[in-house]
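Note that the protein sequences, when read in sequence, are chains A, B, C and D. Quick note on our numbering: the first sequence kicks off at 1 and runs consecutively. Quick note on our numbering: the second sequence kicks off at 253 and runs consecutively. Quick note on our numbering: the third sequence kicks off at 505 and runs consecutively. Quick note on our numbering: the fourth sequence kicks off at 815 and runs consecutively.
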Amino acid sequence: MNEQVKQALIAKLTALADDELILAHRDSEWVGHGPILEEDIALANIAQDELGHATLWYGLRSTLDGSDPDRLAFLRDAAEFHNCELVELPKGDWAFTLLRQYLFDAYEALWLSAAKDSTYKPLAEVAAKILREERFHLQHTQAWVERLGLGTEESNRRMQAALDAQWGYAQQLFVPLEGEGVLVAEGIVPDLGGLKQTWLLHTTQHLQNSGLKLPLQPGYQPTSRQMHTEHLWSLLAEMQSTARWDAEAKVW
Amino acid sequence: MNEQVKQALIAKLTALADDELILAHRDSEWVGHGPILEEDIALANIAQDELGHATLWYGLRSTLDGSDPDRLAFLRDAAEFHNCELVELPKGDWAFTLLRQYLFDAYEALWLSAAKDSTYKPLAEVAAKILREERFHLQHTQAWVERLGLGTEESNRRMQAALDAQWGYAQQLFVPLEGEGVLVAEGIVPDLGGLKQTWLLHTTQHLQNSGLKLPLQPGYQPTSRQMHTEHLWSLLAEMQSTARWDAEAKVW
Amino acid sequence: GERLAEFEARIARGEKIEPGDWMPEEYRRQLVRMISQHAHSEVVGMLPEGAWITRAPSLKRKMILIAKVQDEAGHGQYLYHAAETLGVTREEMLEALLSGKAKYSSIFNYPTLTWADIGTIGWLVDGAAIKNQTMLAQCSYGPYSRAMVRICAEETFHHKQGKEMVILYAKGTPKQRAMAQDAINRWWWPALMMLGPHDSDSPNTPTLVRWGIKTKTNDQVRQEFINEHAPEILEAGLTLPDPDLRYDEATGNWLHGPINWDEFWAVVGGNGPMNKERLEARRRAHAEGAWVREALAAYAARRQQTAVAV
Amino acid sequence: GERLAEFEARIARGEKIEPGDWMPEEYRRQLVRMISQHAHSEVVGMLPEGAWITRAPSLKRKMILIAKVQDEAGHGQYLYHAAETLGVTREEMLEALLSGKAKYSSIFNYPTLTWADIGTIGWLVDGAAIKNQTMLAQCSYGPYSRAMVRICAEETFHHKQGKEMVILYAKGTPKQRAMAQDAINRWWWPALMMLGPHDSDSPNTPTLVRWGIKTKTNDQVRQEFINEHAPEILEAGLTLPDPDLRYDEATGNWLHGPINWDEFWAVVGGNGPMNKERLEARRRAHAEGAWVREALAAYAARRQQTAVAV
């Protein structure tokens, strides 16, 4: 692998991992506070899976540059995180959390389905491994979107508000990284442009069938993973508070 | 001043400062989110004053042991903070914030009135200086308790809920530090036991006149400033996030 | 008369009582109380630990903690199911919890102040729970006994992870060590207390023992807990906050100093450090989830209607 | 006809128009628009800065920031009062803000990501505001002019504090320096844009100039801002994110590269990074404060009733 490809791949793996880590963080804020015990467990399970995916992507990066996944997660500054803005947004209500998870799952399942044919075998293997979990997530969150969209007037209103707030942010999932083109050309990662059309088709159909209004005004769409919301700093202050608290600690 | 007195005084000044710093933090979380612009300003002004008091108490400690107030505020660990638990509690609604501020102001005004006659002149001077501001706060928060207590059914219900939640915590304001007795004996700080009776008299009268129910079940009453709530760690993670972010920084 | 004698004879023979079987009302009542209390403890216990998932210091620890809290929720589920076999509904139990009528383990009314509390809860609190649950796995009521077997296996895993964590920190940096010691200091006595009052203050015990619900007394279980944990904690280089603690050659027991039962009864009576907040957190979750539950019901009703219409 | 001529003559003589005086409806309308927009900017502007009070890294900086945000709220108050003299009520203005009809400065739709943003807002955003406000202090409408004089004095103080902070960090540790540079990179263009579109795209300007509401065009004010700030920032050892920026000997001006007006119009049109969140925060504060305002009204009514009864 030449240096340019390698650097681009490191950047991509970091972005993939960061998305999962931050999303897992937001989901895990629900633990103990869900509307039904069974659903508390289900969401915690999703958070656990996403965290597992983050660990796999950081691990894959580690094989390329020897970086320490824990240092990346717990001692890196906000400006060096390359997650999309969608996953940073505060957890909101149950509709907000489940809709975000749905939009993300729909994207991730598509991405992984394509990435499992990556020419870079280690990535193909991880993608195949994660895909099974993601399909289960998608099934779960898809069902929630339908139930809440077609439930009561209130649940529909909350879902619509969540959709209005998230739709623009969700588009960022399909904005390639600078330099991602070289990975696409080498068949290492799928082309996001192509996936976006399928994602739009699937999600708009399911959202509309769930009684939600589309198309929406595009609204604000972040165009780069250098950009963040005002929430990331405090999220990391919390997330990294234990690890950063003892600068001498070598092992936790 | 002998060493025992000096150490006791350092501990007392730290506790005084910590109370004000943490209370100012909670109040300042309202900035930009108050129910009325004028009241947003008034509460920010109270927060600013409390922060000023914290600075004065840390400064007084500094004259005794050369400690750096900024290091105490921004690089000290949760376990070494000696504020009371009342001030750590999340800001809650407007009733919760204003009631806490009232209970604290009522205590502080009494404490300062007595402390301005301290045999330790620097403390007497600071107390006299702060007292004027505190009386103004007390007037302000006292009026809020009355307005909300006697406002609508909802405002009364919210005030009563805040009182039920805070009454036990507020009693901690009158629990002396270990070793505080020596300061009282020397006439350096007032005896909290005596102040408590006056405080109970004033507050129960005002709360009852404001349509609130007393006496309450005592409930949980923290008995030592080594004890904290689950909220302090995250409060400090947020408060100290910038200062701790750059270990090399000498000046901010 | 006769049925009671037969019932007691079955228990004496070591048979399990199953849901459809005849049982004295008091047996049923005690079991409902114990099982639902146990279920509530699992659910309320998610709060002090769950709050640290977002602050875990490594990917591995974060993963272990989410998994652990999920296990607790799962235990809550089994236990609610076990209680339901005695004719009480989940809604009734939930209502009793939220109204403050039902109890849950006193230990969860203490705050988790640092990350070391997570390891310490695994080691001491799960350790104490396991002693109790191992006994309850022998319990005469089949569903409770089987739930305990399953739960015990998972708790043993949590206990091991907690112990490993605290011992690691006890041998770690000065800050890690101090954090571990502070956590042990704060949790040791509450862990002893969570095993219940002394036998002399536990009037239900003889009946519960006769009916095979409990097979040991509180003091016996507490002694087992101390005998296992005290030497291990000292071995790790940590101290225990009990100046009277000593090994007794004659009995082979570790003897402890007097327990502050005033504190225990205050906590059980609703005046522990976190009682109000724990209940408030559960109530808030329930209230804020109302619209979700209504939506699910409305959706299900509509689906059923559609199915009928077709 | 005659009244308009007299009105314009007064303005030409440099007289101030006062609340009771006759004025063309369009003059009133433009002023209400500008003043209320200005008031809203102060109030919305509290959000991006206020959020950092809890994270300020020293007692002094925290104190300065609380004071600054209070000043902004105070400016909002003066300005609402000034607008009220034109026959519009605070409630109407608030309603226009919350419904999304009224605008506020585009700059507050950008996020504050690090502590250096606080210094940078003081230096660049207040710096740009001052250029505008110094001009508006000459405005023909008395109450607006006087509000501007008072506000300018305070903003000058904020500007100085912001500049001092950024320059300190520019000479600080590597992390402080990087943070300062990043903040300048993110705020420079939005600061240029907040002074409004080019004169050619600003159709109101000629009228506003004739009536003495504005005494300079957007491009003139922007040039003044750049001429002051560009050399100071470079002097501090920081760079500016404009490769075309250069000093023009002939005119004595610092010339800038092309401004991304698409971004500007997107932000003004509601699609900036923070538009939704800012408005949502104001709406939430208003909605959550409703019970407080009701309680105050009920209390006041009861007091009045009691007074009458006696």
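Glycine is no exception: its CB is placed at the ideal position from the N, C-alpha and C atoms. Source: prediction; values computed, not measured.
Contact test: residue i Cβ vs the ligand GTP heavy atom, cutoff 7 angstroms
i      : result
A:P218 : Absent from the structure shown: the ligand GTP. Ligands present: none.
Coarse secondary structure for residue i, derived from DSSP in three states
i       : result
B:I440  : coil
D:Y924  : coil
C:W556  : coil
D:W1025 : coil
B:R323  : helix
C:R750  : strand
C:Y673  : helix
C:Y645  : strand
A:N2    : coil
C:I763  : coil
D:N1067 : strand
C:I730  : helix
D:I831  : strand
D:M907  : helix
D:P1045 : helix
Proximity of residue i and residue j at Cβ, strictly below 8 angstroms
i      : j       : result
C:G518 : C:V547  : no
C:V463 : C:V653  : This structure leaves residue 463 of chain C out entirely; chain C is present only between 505 and 814.
C:I688 : C:L617  : no
C:V713 : C:N636  : no
B:G284 : D:G914  : no
D:M848 : D:A942  : no
A:A162 : A:G59   : no
B:P287 : D:V1106 : yes
D:R960 : B:E490  : no
A:V184 : C:L672  : no
C:A695 : C:V629  : yes
C:T624 : C:W691  : yes
D:A916 : D:H1012 : no
A:W233 : B:S493  : yes
Whole-Å CB distance - residue i paired with residue j, under 8 angstroms assumed
i      : j      : result
B:E430 : B:V441 : About 14 angstroms separates the two Cβ atoms, so there is no contact after all.
D:P833 : D:T899 : 4 angstroms
B:D357 : B:E377 : Going by Cβ atoms, the distance from B:D357 to B:E377 rounds to 21 angstroms, so no, they are not a contact pair.
B:L338 : B:A395 : Actually they are not in contact, since the Cβ atoms of B:L338 and B:A395 sit about 21 angstroms apart, beyond 8 angstroms.
C:W693 : C:Y531 : About 33 angstroms; that fails the 8 angstroms criterion.
C:W619 : C:P552 : The pair is not a contact, with the Cβ atoms about 12 angstroms apart (cut-off 8 angstroms).
B:T393 : B:Y354 : 4 angstroms
A:A128 : A:L195 : Their Cβ separation, rounded to whole angstroms, is 17 angstroms, which puts A:A128 and A:L195 out of contact at 8 angstroms.
C:H662 : C:K572 : 5 angstroms
Euclidean distance between Cα positions of residue i and residue j
i       : j       : result
B:A276  : D:A897  : 33 angstroms
A:V182  : A:K116  : 18 angstroms
D:G1071 : D:D1033 : 13 angstroms
D:L818  : D:G976  : 44 angstroms
C:A740  : D:G936  : 54 angstroms
A:I46   : A:L37   : 14 angstroms
B:A325  : B:A495  : 10 angstroms
C:E658  : C:H542  : 15 angstroms
A:L192  : A:L173  : 8 angstroms
A:G66   : D:I880  : 45 angstroms
B:F348  : B:R410  : 8 angstroms
D:E886  : D:E1042 : 23 angstroms
C:A811  : B:S280  : 55 angstroms
*Could you tell me whether the segment 713-728 of chain C touches the segment 633-650 of chain C, using the rule of 3 or more Cβ pairs below 8 angstroms?*
Flag = yes, the segment 713-728 of chain C and the segment 633-650 of chain C touch.
*On the three-pair Cβ rule with 8 angstroms, is the segment 296-315 of chain B touching the segment 267-287 of chain B?*
Touching, yes.
*Is there contact between the segment 1084-1091 of chain D and the segment 219-237 of chain A, where contact requires at least three CB pairs shorter than 8 angstroms?*
Verdict: yes, contact present.
*Any chance the segment 204-217 of chain A sits against the segment 456-466 of chain B, with 3 or more Cβ pairs inside 8 angstroms?*
Too few Cβ pairs lie closer than 8 angstroms, so no.
*Are at least three pairs of beta-carbons, each pair with one atom in the segment 328-338 of chain B and one in the segment 478-485 of chain B, less than 8 angstroms apart?*
Touching, yes.
*Would you call the segment 147-161 of chain A and the segment 798-806 of chain C in contact, with 3 or more CB pairs under 8 angstroms?*
Yes, they touch.
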